[in-house]
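Read in numbering that gives the first Met the number 0, the sequence shown has 333 at position 334, and its numbers run on one by one without any break.
Don't be surprised by glycine CBs; every beta carbon is placed ideally from N, CA and C.
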Amino acid sequence: MYQRIVVKLGTSVLTGGTPQLDHPHMVELVRQCAALYRQGKDIIICTSGAIAVGRHRLGFPDLPNTVTTKQMFAAVGQSRLMQMWERYFEIYGIHVGQMLLTRADVNNRKRYLNARDTLQTLLENRIVPVINENDAVATEEIKVGDNDNLSALVSTLSEADLLLLLTDQPGLFTADPRTNPDAQLIPEVNKIDETVKALAGGSVSGLGVGGMATKLQAADVARRAGADVVIAAGRAPNVIERIVAGESVGTRFPALENPLENRKRWIFAGRKARGCVVIDAGAARALFENGRSLLPAGITAVTGTFERGDTICIEGANGQELARGISRYTSSDLQKIIGLRSDQIEERLGYGYGTVVVHRNDLILL
Ligand code: GLU
Numbered sequence: 000m001y002q003r004i005v006v007k008l009g010t011s012v013l014t015g016g017t018p019q020l021d022h023p024h025m026v027e028l029v030r031q032c033a034a035l036y037r038q039g040k041d042i043i044i045c046t047s048g049a050i051a052v053g054r055h056r057l058g059f060p061d062l063p064n065t066v067t068t069k070q071m072f073a074a075v076g077q078s079r080l081m082q083m084w085e086r087y088f089e090i091y092g093i094h095v096g097q098m099l100l101t102r103a104d105v106n107n108r109k110r111y112l113n114a115r116d117t118l119q120t121l122l123e124n125r126i127v128p129v130i131n132e133n134d135a136v137a138t139e140e141i142k143v144g145d146n147d148n149l150s151a152l153v154s155t156l157s158e159a160d161l162l163l164l165l166t167d168q169p170g171l172f173t174a175d176p177r178t179n180p181d182a183q184l185i186p187e188v189n190k191i192d193e194t195v196k197a198l199a200g201g202s203v204s205g206l207g208v209g210g211m212a213t214k215l216q217a218a219d220v221a222r223r224a225g226a227d228v229v230i231a232a233g234r235a236p237n238v239i240e241r242i243v244a245g246e247s248v249g250t251r252f253p254a255l256e257n258p259l260e261n262r263k264r265w266i267f268a269g270r271k272a273r274g275c276v277v278i279d280a281g282a283a284r285a286l287f288e289n290g291r292s293l294l295p296a297g298i299t300a301v302t303g304t305f306e307r308g309d310t311i312c313i314e315g316a317n318g319q320e321l322a323r324g325i326s327r328y329t330s331s332d333l334q335k336i337i338g339l340r341s342d343q344i345e346e347r348l349g350y351g352y353g354t355v356v357v358h359r360n361d362l363i364l365l
């Protein structure tokens, strides 16, 4: 079933609607995550609560409700929040790693790749990434703004197959359940259209900034990137384990289409190759017959000027274009590592972005 799961926990789930963290409930959520982790699944936590926790930690000071006050709360609360995640995962012998992102980290291709590489490396080393927005420094222009949308970006970055949006509501209803007793839970949504959006209204829950509307936006992004999305109540018993086991809990938005196909279209869509590399016959065989990534050892020439994250063409010795993909190294780096073994990259450049030049997931064979 699911292998890589992003668990987004809203402030309302972490505080239980009170002004402070509900520690026993956090431990319970971690227990469920740890059980899945032990089955070999990759878990990513997208946590809210920094601002709420900071406010509580400082004793609810009477300060003007400005952006900088909230940033101050976030600075205090984030470290406290992180201590708690660290402590609770440690009960199960699991390491966590903090990543604080902003929109700027995912919009810019080079930074996107950097963030993605870090996230993948944490997961490869069985460390649970704990992610929040970098609220202490994020200004309006570079902010995602709510952790629903942030968790959708994280799902895309990590190529997750399930995004759990855990909140204080059991899911999406046909009407507002707080005011309408006839409201029915919708178990599955296949199309997020205007009618569905109208059901979400502008609802905002408690201390957090998101509501059903931002959850639908997030669901739309994540399912296009190939993840199933489930909105469910974070306080329902065993909610994480039950959803991962395939039980129908909350509202499910099935993934839209084959994510690899999507990525490939993205590599092609209106992207001009900024440069080319020429590869030898051995590398061509590795790509075509063995489904491998492109390594520096197989490259014989580099043309054009490109950055990390640019699309490049991959040519055979006779100049025929064989493939297209996203380069993890700049053209000037590549000039220096042409023909080298991957374990020589760092020695030569003084740094490295991994062993491959174009990863097979970022590659289309022509
Ligand atoms: N990043 C915010 C925080 O940690 C939460 C945003 C949200 O609740 O969506 O306080």
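* **Bridge-paired residues (DSSP) for residue 380** => This structure does not reach residue 380, given that the chain is present from 0 up to 365, and the question cannot be answered.
* To do: Could you tell me which uninterrupted alpha helix (DSSP H) segments, each at least 4 residues in length, are contained entirely in the stretch 102-170, listed from first to last along the chain?
  => For secondary structure counted as the alpha helix (DSSP H) over 4 or more consecutive residues, the stretch 102-170 holds these complete runs in sequence order: 102-106, 108-123, 146-157.
* Given a cut-off of 8 Å, decide if residue 348 and residue 322 are closer than it, judged by their beta-carbon atoms. => Cβ distance not < 8 Å, so residue 322 and residue 348 don't count as in contact.
* Using 8 Å as the threshold, is the stretch 84-100 in touch with the stretch 126-133, meaning 3 or more CB pairs across them? -> Counting C-beta pairs with one atom in each stretch, the stretch 84-100 and the stretch 126-133 have three or more that are closer than 8 Å, which means they touch.
* May I have the straight-line CA-CA distance separating residue 177 from residue 168, to the nearest angstrom? => Each residue's CA atom was taken as its position, placing residue 177 and residue 168 some 10 Å apart.
* Asked: Nearest to residue 116 by alpha carbon, out of 307, 324, 18?
  -> The candidate whose alpha carbon is nearest that of residue 116 is 307.
* Pairing CB atoms from the stretch 25-45 with CB atoms from the stretch 53-72, are three or more of them under 8 Å? -> Short answer: they don't touch.
* Contiguous beta strand (DSSP E) assignments of at least 3 residues, all confined to the stretch 286-311 -> Secondary structure remark: continuous beta strand (DSSP E) runs of at least 3 residues inside the stretch 286-311, in chain order: 298-303.
* Just grab the DSSP bridge partners of residue 50 for me. => For residue 50, which the question treats as bridged, DSSP gives no partner whatsoever.
* CA-to-CA distance, residue 114 to residue 105, given in whole angstroms -> Pairing residue 105 with residue 114, the inter-Cα distance amounts to about 7 Å.
* Could you tell me how far apart the beta carbons of residue 77 and residue 131 are, in whole angstroms, since I believe they sit closer than 8 Å? => So it is a contact: roughly 6 Å between Cβ atoms.
* With DSSP as the reference, label residue 256 as helix, strand or coil. => Looking at residue 256 - three-state DSSP - the assignment turns out to be coil, as it is neither helix nor strand.
* **Check: residue 64 C-beta below 7 Å from any heavy atom of the ligand GLU** => No, the ligand GLU has no heavy atom inside 7 Å of this Cβ.
* Return the CA-CA distance between residue 364 and residue 24, expressed in angstroms with no decimal places. => Taking the straight line joining both Cα atoms gives about 48 Å.
* Mind checking who residue 349 pairs with in its DSSP beta bridge? => Beta-bridge analysis with DSSP links residue 349 to no other residue.
* Are the beta-carbon atoms of residue 233 and residue 92 separated by less than 8 Å? -> No; because the gap between Cβ atoms is not below 8 Å, this pair is not in contact.
* Asked: Can you give the Cα-Cα distance for residue 367 and residue 288, rounded to whole angstroms?
  -> This structure does not reach residue 367, given that the chain is present from 0 up to 365, and the question cannot be answered.
* Contact test: residue 10 Cβ vs the ligand GLU heavy atom, cutoff 7 Å -> At least one heavy atom of the ligand GLU is nearer than 7 Å to the Cβ of residue 10, so yes.
* Asked: Thinking just about the alpha-carbon of each residue, which of 170, 224, 187 is nearest to the one in residue 199?
  -> Nearest C-alpha to residue 199: 170.
* Asked: What residues match up with residue 41 in a beta bridge as DSSP calls it?
  -> Residue pairing by DSSP puts residue 41 in a beta bridge opposite 3.
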